[in-house]
């Protein structure tokens, strides 16, 4: 009972080199010894017996195949014989005109064709009907398979058929051959027909089924004892009915004295002899079929059968091959045994970044890898602690910077607006001040938004409209604007105060440098679940200005005056992800277009720029 724990302890505490040697010796020597010993004790005396039994089984299968085919033909001809169509014609009078004869022959042809089609996938045969008292049938040769008995009653095969036979295999039948074409041979079966409702009529006709010997032989080829065996079917006279070559058919079998040494064995069920056949040593076996008085003969070359006598040599070859395969398997096993820990180590290294260092290698063996993995796990834990500390510090710093950036937007705009209101009130004293104050009130209301950073796109556009109204009054109507936003887009959510800094930048850097009238268009569109806001002006923008703005957004350019533009880009990416944000492009005629892309969302669920900090604090 202590042997297994001791063995496991021994194997798990020895070096890899020694463990590989033990595995190699165990997996190669032990199976090889068992296989060679078992194969050595095989008895060569059973080879001939097994060979003969195999041939006997094959020939029994051939006999069964032949009898089943003939039984199948008998069943089909019986169904035709007893069919209402045929019995109706047999019991009726002869047709009185050509049309009646043609109709009758057509019915019989259709009947035969229906049973031929139902026999698809089995041994093929051709059905023919011969009826008494129908001499007119020969006048219509274009209707196949239906004939008069008078047309064949003088032929040898017809006269050889016994009177009132139930079912008869007439034997080999040769079709009339044409000049230059080899003759076609069939095995013909016949069944005589009688009118079932009138037994006073002694004989009404005959139905035959012709099986092409080629099709018959193909079924037997699948049952040959060996690949080069030849199969023959002999009739009672010893003539070949089915053979390997057409010129052998209807000829006496070449080994005419087969089994003549013992005439009493001529009709034994199974016999086998070693004989020379076509100049080659063969094993000739025969099997008698009593029901047909036929004999099945197989001729198997000894070069096929002697392969079994060389089984011992083959066994040794197999042993060698098996040993080689075992060695290969063992080599693969040893390779995996060594490389699996290494693969585990590589997987751990590759998943470190994506899993945030949440990786630990479990290894239970007491070998060199154990020390390596223990040191690796300790190093990962230390690195994880340092990264978490740095992560928390950076998130807190970024949050503070964003809050500071957010706070700088409102005072900056507040001071400029109040200054404009004061200037207009003191200098012009016009009623437009009411509109400006109203717009200013709307702007502050939408800016505060109860402290929420995510608002509806509708509120953001209303805030932009209020700001543009104030600027329009301030610039003495030198500024015109248009907001193009379909109503069904207004329920999407966005970060607040992303349009005002862009409008302010367009007015300051675009319109102030132009002596003409300024025009600004805000357009909202939706494509592939992305909301796009375009703020286009007709100012003095150019490709150089676009490059400057992109450098500003990338953090490589710009000054304090452009702080709000970068702030918009940063806040969008912080809330929605780095695939969204702000970019600029030049218009075809003049001016610039600021393009904002945000996801098409109708709820603020799951959006918070505090989630990064909360996540990092939870990890601590």
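In the UniProt record's numbering, the protein residues as written are 1 to 620.
We treat Cβ as the ideally placed atom computed from N, Cα and C, and that holds for glycine.
Taking the CB atoms as reference points, tell me whether residue 190 and residue 131 lie closer together than 8 Å.
Stepping through the chain shown from its first residue, residue 190 is reached at position 190. Stepping through the chain shown from its first residue, residue 131 is reached at position 131. Cβ atoms of residue 190 and residue 131: not closer than 8 Å.
Quick one: what's got a C-beta closer than 6 Å to residue 101's C-beta in the same chain, skipping five residues either side?
The residue given as residue 101 occupies position 101 in the chain shown. Closer than 6 Å at the Cβ level, and outside the excluded window around residue 101, lie 95 and 136.
Within 10 Å of its beta-carbon, does residue 350 have 16 or more other beta-carbons around it, so buried, or fewer, so exposed?
Indexing the chain shown from 1 puts residue 350 at position 350. Classification for residue 350: exposed.
For residue 129, the three-state DSSP class (helix, strand or coil):
For the purposes of this step, residue 129 is taken as the residue at position 129 of the chain shown. Looking at residue 129 - three-state DSSP - the assignment turns out to be strand.
Identify every run of the alpha helix (DSSP H) within the segment 558-582, keeping only runs that are complete inside it and at least 4 residues long; order them along the chain.
563-576
Are there three or more Cβ pairs, one per stretch, closer than 8 Å when the segment 569-580 is compared with the segment 515-527?
no
Taking only runs of the alpha helix (DSSP H) that begin and end inside the segment 499-551, which ones reach a length of at least 4 residues, in chain order?
500-506
From the DSSP output, read off the bridge partner residues of residue 230.
Taking the chain shown and counting its residues from 1, one reaches residue 230 at position 230. According to DSSP, residue 230 bridges with 299.
Given this structure, state the Cα-to-Cα distance separating residue 213 from residue 63, to the nearest angstrom.
Locating residue 213 in the chain shown gives position 213, counting from the first residue. Locating residue 63 in the chain shown gives position 63, counting from the first residue. C-alpha separation (whole angstroms): 15 Å.
Using the Cβ count rule (16 or more neighbours within 10 Å means buried), how would you classify residue 195?
For this step, residue 195 is matched to residue 195 along the chain shown. By the 10 Å Cβ count, residue 195 comes out buried.
Nearest neighbour of residue 38, chosen from 502, 315 and 474 [CA to CA]:
What you label residue 38 is simply residue 38 of the chain shown in a count that begins at 1. Here the closest residue by C-alpha is 315.
Is the distance from the Cβ of residue 170 to the Cβ of residue 146 below 8 Å?
As a working note, residue 170 is residue 170 in the chain shown. As a working note, residue 146 is residue 146 in the chain shown. Cβ atoms of residue 170 and residue 146: not closer than 8 Å.
For residue 294, which residues does DSSP report across the bridge?
Here the question's residue 294 lines up with position 294 in the chain shown. 289.
Just mark residue 492 as buried or exposed, buried being the case when its beta carbon has 16 or more other beta carbons within 10 Å.
Taking the chain shown and counting its residues from 1, one reaches residue 492 at position 492. Residue 492 comes out buried.
Using DSSP's beta-bridge definition, name the partner residues of residue 224.
Walking along the chain shown from the start, residue 224 turns up at place 224. Partner(s): none; residue 224 has no beta bridge.
So the alpha helix (DSSP H) residue 97 belongs to, where does it begin and stop?
The residue labelled residue 97 in the question sits at position 97 within the chain shown. From DSSP, residue 97 is part of no alpha helix (DSSP H); its letter is neither H nor E.
Taking CB distances under 8 Å as the criterion, tell me whether residue 367 reaches chain E.
Absent here is chain E; the protein component of the structure consists of one chain.
What does the alpha-carbon distance come out to for the pair residue 622 and residue 23?
Nothing can be reported for residue 622, as the shown portion of the chain is limited to 1 through 620.
Assign residue 300 to one of two classes, buried (16 or more other C-beta atoms within 10 Å of its C-beta) or exposed (fewer than that).
Taking the first residue of the chain shown as 1, we reach residue 300 at position 300. With 16 or more Cβ atoms within 10 Å of its Cβ, residue 300 is classed as buried.
Evaluate contact between the segment 47-60 and the segment 214-221, counting only Cβ atoms and requiring at least three cross-stretch pairs below 8 Å.
no
With 16 as the cutoff for other CB atoms within 10 Å, does residue 242 come out buried or exposed?
Numbered from 1 along the chain shown, position 242 holds the residue referred to as residue 242. Buried is the call here.
Can you give me the start and stop residues for the alpha helix (DSSP H) that residue 467 sits inside?
Counting from one through the chain shown, the residue named residue 467 turns up at place 467. Start and end: 457-474.
Three-state class that DSSP yields for residue 241 in the structure shown:
Taking the chain shown and counting its residues from 1, one reaches residue 241 at position 241. Three-state result, residue 241: strand.
Three-state class that DSSP yields for residue 213 in the structure shown
For the purposes of this step, residue 213 is taken as the residue at position 213 of the chain shown. It is helical.
I'd like the span of the alpha helix (DSSP H) that includes residue 156, first residue to last.
Counting from 1 along the chain shown, the entry for residue 156 is found at position 156. First-last of the alpha helix (DSSP H) with residue 156: 156-159.
Exposed or buried, residue 88, counting other C-beta atoms within 10 Å across all chains shown (16 or more means buried)?
By one-based count along the chain shown, residue 88 stands at place 88. Exposed, since its Cβ has fewer than 16 Cβ neighbours within 10 Å.
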